[in-house]
Amino acid sequence: MSTTSVQKSIAGKVDAAANKSAGSTDNAEDALQKSGKARLSLFDSSLIVPAIIDSFRKLSPRTQLRSPVMFVVYIGSIITSMLFVQSLLGKGEASSGFILAISIWLWFTVLFANFAEALAEGRSKAQAASLRALKQTVIAKKLATPKHGTTWLPASAADLRKGDVVLVEANDVIPIDGEVIEGVATVDESAITGESAPVIRESGGDFSAVTGGTRVLSDWLVVRVTSNPGEAFIDRMIAMVEGAKRQKTPNEVALTILLIALTIIFLLVTVTLLPYSLFSVDAAKAAGIVSSPISITVLIALLVCLIPTTIGGLLSAIGVAGMSRMMQANVIATSGRAVEAAGDVDVLMLDKTGTITLGNRQASEFFPAPGVTQPQLADSAQLASLADETPEGRSIVVLAKQRFNLREREMASLNAHFVQFTAQTRMSGVDIAERIIRKGAADSVKKYVETLGRPFPAEVSKTVDDISRRGSTPLVVVDDGRVMGTIELKDIVKGGIKERFAELRRMGIKTIMITGDNKLTAAAIAAEAGVDDFLAEATPEDKLKLIRSHQTEGRLVAMTGDGTNDAPALAQADVAVAMSSGTQAAKEAGNMVDLDSNPTKLLEIVEIGKQMLMTRGSLTTFSIANDIAKYFAIIPAAFVGTYPQLKALDIMHLTSPSSAIMSAVIFNALIIVFLIPLALKGVKYRAIGAALLLRRNLLIYGVGGIILPFVGIKLIDVILTVLHLA
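With the first letter of the sequence shown counted as 1, position 481 gets the number 481 in UniProt numbering; the numbers rise by one all the way through.
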């Protein structure tokens, strides 16, 4: 059976296959859940309980070492716990209750940070677990000869190797990733993409890749295996979303180094304070002044409040949550590095068709012939298109209705006979009694008119040439042998896309449209869409050269692609989003895979990357800012016994030194809890420039980070006093 005949048979089976798919166990709702798209609420009970358990599991020293800031808090918790035991033996440096309270809240600080990371990882693990459910033991039909109709032998999917050839027939599950080398069939990919509508996969072209775990609904495919067991697409997806295995990104590493540096500085300062305090007490005693040295418990509390524990405790959770948000957008990122790179992108390269434009040519204008009005042309064009179910035909009917309020007519009463388009005539139309209306390609209509002995106006020929030069498609309409004029069909720019490009421009991102159209057409569409630049008549070499030229200028480039010819450019781009429906070569070259195969997803990917960077920057600003307020609470309280003059710095007028220290430590722990939702959901994305974003962060998270601790610490101090806990 030829590919064409099979496709015709498929066309009649798609609806039945879709209904079958909808009624099976792998229906749309189950597929959404299996693919990880079913969104769990932020504090879903199925996530909370495991996260609490993991919080205690993460108390091992090896795990704590991954975050140097929290490791210092961890060591401080151990030391204060030992000091509490010492105080029970009657050798305490302070009251047992005070040391116990400090110790408990330091442990809470560590546990809250562990909980934030575990909760973020739990969301990713839930997605990975749902993906593992897609993996199943499949018996494949392995072909000895890569040809349909030849003998096959049963083989386990686990035994298949790259290069093997298998036969997959209707209702068979595709055993492993592969490429179609023969046949054409409908495939249910809902378990991967979440879309219940079947798709057609065929040999050759950009729709030959098939994914293990999907199901053939009709006909058959001969598939060459392109991956070994454990290397299949689902296996890579599982590995990608496993937050626990996420490597730190360059920016995250740089921030970690900064946090380590700050921690070391404050650690050295704190360590020197004890001998300095002892020296001051001895000096005061010699002068007849009674004072007391600072205790180790208070020094540890001081250190924990001085170092950036807030961002230290949430840093890992922010990164894991960024990858999780990408997965919720149905995009699989190979690493956190790819997500972060999306946030740093300077240049976006987007295909015209399907991304910037709708991809279907639609009627945009009526050009009447001499002596004909636009309403007359629109009337004839609409009549000729009423039975035309193509996107072009429907768009002609809609344009005539919008422009001239022409409504659909009751054709049955007119005894209308519709003439369908054929490749031979390249025309379609309608016969109404003696009235014959046709529309079609200019050369076909011209021959038709000339056979009737009628002239073809030179003005119409000129209009046809002008439309063609713009890259649009001209359709000529003839009514009873009279040429009525020309319809221009053009690829319509998507609504709202110009505004989105304007947002990106405000963020300092350059947009470049990639198209195979001629320069004149490309320039017109680029101007209408509002992109910054375009590459016309693009070849794979042209794309690669353009990416490299921007990268040599120090810019990060993002692009999408689905074909084998896109693979070189995808491999070169910093953020390369391959379509799940595309070829295996494209998916292997990219560092992200869009399961929805939606080229416009690149814009959303950039926004998610920006959001992750904004979240990290905002919480870092807040963390450093709120330390400033804690200085005023804990430093006067810690040293007032040694230097009574420091009482003047107690601008919050806290109840007592012990209450001040306790309030600062409690606030330091609780603020992590309150910021967990922000770390996991992310700061709200706003398309603003870097300078404006910095000012906004300094205002909200900087000034807010200074003010909030003053309020919070004072409130906790009041509560402790009322409850007689300090």
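Ideal placement from N, C-alpha and C gives every residue a C-beta, glycine not left out.
task: Could you round the C-beta distance between Lys610 and Gly343 to whole angstroms and report it? I think they count as a contact, below 8 Å.
output: 5 Å
- request: For Phe456, count neighbouring Cβ atoms within 10 angstroms of its own Cβ and tell me buried if that reaches 16, exposed if not.
  value: buried
- prompt: Can you give the Cα-Cα distance for Phe632 and Leu89, rounded to whole angstroms?
  reply: 34 Å
Cα-Cα separation between Ala538 and Glu607, rounded to whole angstroms: 27 Å
- prompt: Can you pull the DSSP bridge partners for Leu153?
  reply: Lys142
task: Identify whether Ile265 lies in helix, strand or coil by the three-state DSSP scheme.
output: helix
query: Less than 7 Å separating the beta-carbons of Ala586 and Asp562?
result: yes
message: For the pair the segment 488 to 507 and the segment 543 to 562, tell me if three or more CB-CB distances fall below 8 Å.
response: no
- prompt: To the nearest angstrom, how far is it from the Cα of residue 737 to the Cα of Gly213?
  reply: Look at the range of the chain in this structure, 1 to 726, and you will see that residue 737 is not part of it.
- prompt: Would you report the Cα separation of Pro368 and Val397, rounded to the nearest angstrom?
  reply: 16 Å
- request: Would you identify the three-state DSSP class for Arg555, choosing helix, strand or coil?
  value: coil
- prompt: For Ser428, does the three-state DSSP call read helix, strand or coil?
  reply: strand
- prompt: How about Ser67 and Phe84: do their beta carbons lie closer than 7 Å?
  reply: no
task: Give the single residue among Ala261, Glu179, Val184 and Val168 whose Cα lies nearest to the Cα of Arg215.
output: Val168
message: Checking 7 Å against the spacing of the C-beta atoms, do Ala118 and Ser45 come in under that value?
response: no
- request: Return the CA-CA distance between Arg57 and Ala317, expressed in angstroms with no decimal places.
  value: 16 Å
query: With 16 as the cutoff for other CB atoms within 10 Å, does Gly702 come out buried or exposed?
result: buried
- prompt: Quick one: is Arg407 buried, meaning 16 or more other Cβ sit within 10 Å of its Cβ, or exposed?
  reply: exposed
query: Which residues in the same chain as Ala523 place their Cβ atom closer than 8 Å to its Cβ, once the five residues preceding and following it in sequence are excluded?
result: Phe534 and Ala536
- request: Quick one: residues in its chain with C-beta nearer than 7 Å to the C-beta of Val460, no 5 flanking neighbours on either side, listed in chain order?
  value: Ala369, Val476, Val483, Gly485 and Thr486
Cβ neighbours of Asn565 in the same chain (closer than 6 Å, five flanking residues each side left out): Pro540
- prompt: Who are the near neighbours of Leu544 in its chain, counting only those whose CB is closer than 8 Å to its CB and skipping five residues on each side?
  reply: Pro568, Ala569 and Gln572
Per-residue burial, Val49 [other beta carbons within 10 Å of its own, 16 or more giving buried]: exposed
message: Classify Glu252: buried if its beta carbon has 16 or more other beta carbons within 10 angstroms, exposed otherwise.
response: buried
message: If the criterion is Cβ atoms closer than 7 Å, does the pair Leu489 and Glu392 meet it?
response: yes
- request: Provide the residue span of the beta strand (DSSP E) that contains Glu179, from first to last.
  value: Gly178 to Asp188
message: Going by DSSP in three states, Val345 sits in which element: helix, strand or coil?
response: coil
message: Counting beta carbon pairs with one atom in the segment 144 to 163 and one in the segment 346 to 354, are three or more of them shorter than 8 Å?
response: no
message: Can you tell me whether Ile608 is helix, strand or coil according to DSSP?
response: helix
Leu675 (DSSP reduced to helix, strand or coil): helix
task: Enumerate, from N- to C-terminal direction, the unbroken alpha helix (DSSP H) stretches of 4 or more residues contained entirely within the segment 523 to 574.
output: 540 to 551 and 567 to 572
message: Please report the straight-line C-alpha distance between Asn405 and Ser364, rounded to a whole angstrom.
response: 16 Å
- prompt: Taking Thr515 as the reference, which of Ile509, Ile525 and Gly508 has the closest Cα?
  reply: Ile525
- prompt: Is Val222 closer than 7 Å to Leu160 when the C-beta atoms are compared?
  reply: no
- request: Kindly confirm or deny that the segment 462 to 478 and the segment 434 to 451 touch, where touching means at least three C-beta pairs closer than 8 Å.
  value: yes
- prompt: By Cβ distance below 7 Å, which residues in the same chain neighbour Thr511 in space, the five residues on each side in sequence not counted?
  reply: Leu348, Leu350, Phe501, Leu504, Val531 and Asp532
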